[in-house]
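Position one of the sequence shown corresponds to residue 1 (UniProt numbering), numbered consecutively onward.
We treat Cβ as the ideally placed atom computed from N, Cα and C, and that holds for glycine.
Take a look at the structure below.
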Amino acid sequence: RRWAVCAMSSAMCSPPARARRPVPRDRIARRRITKLSAFASSASSIDTCVLSVDVGTTALKAMLLAPDGTAIASTERAYATGTTSGEFGLSGAIEQQPGEWLDAFIEASHDLFDPLGTDASPAGIALSGQMQNVCPVSDGRSLRSCLLYSDVRAMKEADDIAKKLAMDGSSAEAKLANFKGAAACLCKWLWLARNDGETLRKSTRLLLGAHSYVAYALCGGDDEACACDPTTASTTGLLTPPRLSRAGTVPEPAWAVESIGAFDGVDPNLLPRLVNGAAPAPIGEVSRSTTDALNLPASLVGVPVFHGVGDLASTTVGAAGIGASSGASYAYLGTSGWIARCVPWSDILSVDGTEDRYVGDGVFRLLHPDPSLAIVAASMVTAGGNVEFARKTLLPEGSNSAKDLDARANDAKAGSDGVLYLPHLNGERSPFTDPTARGALVNLSPATTTGTMCRAVLEGVAYNYRTLSNSLGMDTTGMTDEPLPMVGGGARSKLWTSTIADVLRRPIAPKSDAGSVAARGCAAGAFQYLRLWEGADGDLPPDGYFPGSVDGLVTPNDANASVHDGNYAVWSK
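Right, here's the structure in full:
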């Protein structure tokens with residue numbers, strides 16, 4: 001095997017304290033798996049592949065990738081329960097059971113490796129997933145349900161933190177990078193300290209990403225396997241603000257220990273270690289005892305586990321490439337949504353601290369795996385999640401797929417006869433931060449049809465993308481012909497992408513391989529570290545690994561754009 005792992009204690013790969021019962025193979029209903037290609041018929045070929053895993057909000061997706069980016073096989077496993085409002089049933093509470101992420105991984109691994117036999121072992125496992133979570137763990141398992149990125153129950157805690165950190169004349173924003181109110185992890189952490197302190201006292205670590213939990217479990221549940229990547233860390237509001245060096249980079253990230261430790265019941269020693277760099281070493285490997293305890297395929301024994309990066313970073317690398325050029329931008333349309341661009345830190349900060357660009361209530365300046373670059377992103381809490389809500393609420397069961405909603409929406413006129421939709425179902429974080437914001441359909445009349453409301457939902461999300469674009473200083477006046485690449489599940493909807501093109505007055509370029517963009521970005525660091533790519537050091541991606549092909553360029557319709565301009569003027573008020 002072409003890899004080397006630094007020395008680790010044997011405890012790193014010890015089994016979790018509580019052995020898991022085998023998951024019934026038919027328990028999770030939704031499953032999608034591609035046909036294995038001819039490449040996969042040889043076990044000797046698999047040992048150069050990386051298993052790329054995205055631990056998403058609604059499902060876990062796994063893809064076996066060859067070094068050239070070919071998808072050998074893929075599968076998707078939905079979670080048995082999904083998101084809930086937790087045992088307290090509080091407004092703004094959004095939780096998931098981390099055990100369901102792990103169950104979905106176990107099922108996905110059998111989907112992919114059972115047909116290949118016990119000798120088919122991948123070169124590595126790379127993980128990505130939802131960020132900005134709070135998940136207390138101990139002895140290889142989670143101690144409670146995880147507070148998700150969209151959880152905004154901690155509004156009182158946000159106020160208390162802001163007041164305390166401002167007592168010296170400074171502010172929370174000046175001491176904590178990307179502190180965004182109730183959604184910030186410190187607020188959720190403090191809420192746990194005040195409302196579930198017993199669980200925190202039993203915790204040995206706090207994990208901040210869904211992928212972090214799966215990586216921790218695969219490495220046997222040792223505290224040394226508790227890790228966090230820089231991009232995920234920079235979403236949490238727990239890092240010190242970046243400072244520009246004379247070399248044009250920012251120092252390695254550091255937890256804001258002094259500010260975090262200023263609150264009763266919040267122990268900075270629970271924070272995971274930071275795994276830095278574009279191609280860091282694996283955090284451990286899958287042991288025999290772990291495969292036995294978790295009922296994993298035997299072919300995963302000895303496979304190194306790469307913690308990987310958060311979903312925004314993996315999507316950014318997959319969409320823009322490793323050496324992304326300054327200004328490279330794209331849009332992501334999934335359960336949540338964002339517009340992001342890669343910007344050198346030297347274009348944002350100055351060494352003397354006099355310049356500070358891209359500052360805004362709803363703008364995140366995140367750490368790119370390349371330390372010379374920032375990912376400047378404006379993100380909305382709920383994007384595709386609005387379609388999920390609408391199709392279940394507005395359409396009859398059995399005829400309520402996303403395609404059904406598109407068909408109904410297509411029967412209505414552009415502009416939805418003035419019906420407007422606010423897409424803030426779970427609060428909002430950009431272009432404004434308001435955990436109490438909620439969704440609404442406005443301007444209904446007796447003539448309003450189901451199709452009109454369906455179209456209004458798609459348009460409401462598109463209008464919010466216009467505000468995201470404005471937040472980043474992008475042109476929405478039709479003065480640019482430069483296509484905006486779009487990835488994510490929503491990019492497969494022709495009606496939705498054409499609506500966004502009309503609203504932004506800008507061509508949209510849906511990636512033809514939108515479903516594998518994040519998987520390629522997730523696996524890139526592992527391929528580099530393992531030296532399975534081209535070049536003298538095996539770290540140069542082959543041509544075509546980051547394909548630029550699009551699934552038909554979508555250009556704006558001037559007549560529709562004019563209608564949307566009128567709607568947007570009202571909607572944005």
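Helix, strand or coil: how does DSSP classify residue i here?
| i | result |
| --- | --- |
| residue 397 | coil |
| residue 29 | Bear in mind that a pLDDT of 40 at residue 29, under 50, signals an unreliable position, so the number given afterwards is only what the model happens to contain. The answer is coil: DSSP assigns residue 29 none of H, G, I, E or B. |
| residue 338 | strand |
| residue 230 | helix |
| residue 18 | Because the pLDDT at residue 18 is just 38, under 50, the model does not fix this residue reliably, and the value given afterwards should be weighed accordingly. Three-state DSSP puts residue 18 in coil, outside helix and strand. |
| residue 356 | strand |
| residue 243 | coil |
| residue 61 | strand |
| residue 235 | helix |
| residue 149 | coil |
| residue 257 | helix |
| residue 122 | coil |
| residue 41 | Because residue 41 carries a pLDDT of 47, less than 50, the predicted location of this residue cannot be relied on, and the following value inherits that uncertainty. Helix at residue 41. |
| residue 115 | helix |
| residue 173 | helix |
| residue 96 | strand |
| residue 135 | strand |
| residue 70 | coil |
| residue 537 | coil |
| residue 562 | helix |
| residue 79 | coil |
| residue 331 | strand |
| residue 568 | helix |
| residue 346 | helix |
| residue 285 | strand |
Evaluate residue i with the Cβ neighbour count: other Cβ atoms within 10 Å of its Cβ, from every protein chain shown; 16 or more gives buried, anything less gives exposed.
| i | result |
| --- | --- |
| residue 292 | exposed |
| residue 453 | buried |
| residue 52 | buried |
| residue 246 | exposed |
| residue 377 | buried |
| residue 269 | exposed |
| residue 157 | buried |
| residue 558 | exposed |
| residue 351 | exposed |
| residue 337 | buried |
| residue 566 | exposed |
| residue 380 | buried |
| residue 416 | buried |
| residue 84 | exposed |
| residue 440 | exposed |
| residue 428 | buried |
| residue 217 | buried |
| residue 174 | exposed |
| residue 100 | buried |
| residue 511 | buried |
| residue 254 | exposed |
| residue 359 | exposed |
So residue i and residue j are supposed to be a Cβ contact under 8 Å. How far apart are they, rounded?
| i | j | result |
| --- | --- | --- |
| residue 130 | residue 147 | That belief does not hold up - the Cβ atoms of residue 130 and residue 147 are roughly 12 Å apart, past 8 Å. |
| residue 93 | residue 86 | 5 Å |
| residue 574 | residue 284 | In the structure as shown, the chain starts at 1 and stops at 573, and residue 574 therefore has no counterpart that could be examined. |
| residue 117 | residue 317 | About 32 Å separates the two Cβ atoms, so there is no contact after all. |
| residue 330 | residue 486 | 7 Å |
| residue 128 | residue 518 | 6 Å |
| residue 168 | residue 278 | Actually they are not in contact, since the Cβ atoms of residue 168 and residue 278 sit about 37 Å apart, beyond 8 Å. |
| residue 460 | residue 422 | 6 Å |
| residue 592 | residue 208 | The shown model of the chain, from 1 to 573, leaves out residue 592, and the question about it has no answer. |
| residue 296 | residue 106 | 6 Å |
| residue 457 | residue 387 | 6 Å |
| residue 108 | residue 60 | 6 Å |
| residue 493 | residue 406 | 6 Å |
| residue 145 | residue 97 | 5 Å |
| residue 389 | residue 67 | Their Cβ separation, rounded to whole angstroms, is 40 Å, which puts residue 389 and residue 67 out of contact at 8 Å. |
Is residue i near the ligand SAH - that is, is its Cβ less than 6 Å away from at least one heavy atom of it?
| i | result |
| --- | --- |
| residue 46 | With respect to the ligand SAH, the structure offers nothing, as it holds no ligand at all. |
Check your understanding: Which runs of the beta strand (DSSP E) spanning at least 3 residues fall entirely within the region 438-518, listed in chain order?
Key -> Taking only runs of at least 3 residues, the beta strand (DSSP E) segments lying wholly in the region 438-518 are 440-442, 484-487 and 508-510.
**Study point:** the region 548-557 in contact with the region 396-405 per 3-pair CB rule at 8 Å
**Key:** Too few Cβ pairs lie closer than 8 Å, so no.
Check your understanding: In the region 179-217, which residue ranges form an unbroken beta strand (DSSP E) of at least 3 residues, counting only runs that do not cross its ends?
Key -> Within the region 179-217, the runs of beta strand (DSSP E) at least 3 residues long that lie entirely inside it are, in chain order, 205-207.
Point to revise | Ranges of the beta strand (DSSP E) found wholly within the region 290-315, counting only runs of at least 3 | key: The region 290-315 contains these whole beta strand (DSSP E) runs: 304-306.
Exercise for review: May I ask you to verify whether the region 190-200 touches the region 121-141, counting CB pairs closer than 8 Å and requiring at least 3?
Suggested key: Under the Cβ criterion (8 Å, minimum of three pairs), the region 190-200 counts as touching the region 121-141.
**Study point:** Every unbroken alpha helix (DSSP H) inside the region 358-438 [4 residues or more]
**Key:** Entirely contained in the region 358-438, the alpha helix (DSSP H) runs reaching 4 residues are, in chain order, 384-394 and 402-410.
Exercise for review: Spell out a yes or no on whether the region 152-170 and the region 209-226 are touching, meaning 3 or more CB-CB pairs, one atom from each, closer than 8 Å.
Suggested key: Contact fails between the region 152-170 and the region 209-226, because fewer than three Cβ pairs, one in each stretch, are under 8 Å apart.
Review point. On the three-pair Cβ rule with 8 Å, is the region 304-316 touching the region 458-472?
Key: Contact fails between the region 304-316 and the region 458-472, because fewer than three Cβ pairs, one in each stretch, are under 8 Å apart.
**Study point:** Segment contact flag, the region 172-187 with the region 234-242, C-beta cutoff 8 Å, min 3 pairs
**Key:** Segments in contact, yes.
Check your understanding: Are the region 443-452 and the region 418-433 touching by the rule of at least three beta carbon pairs closer than 8 Å?
Key -> Yes, they touch.
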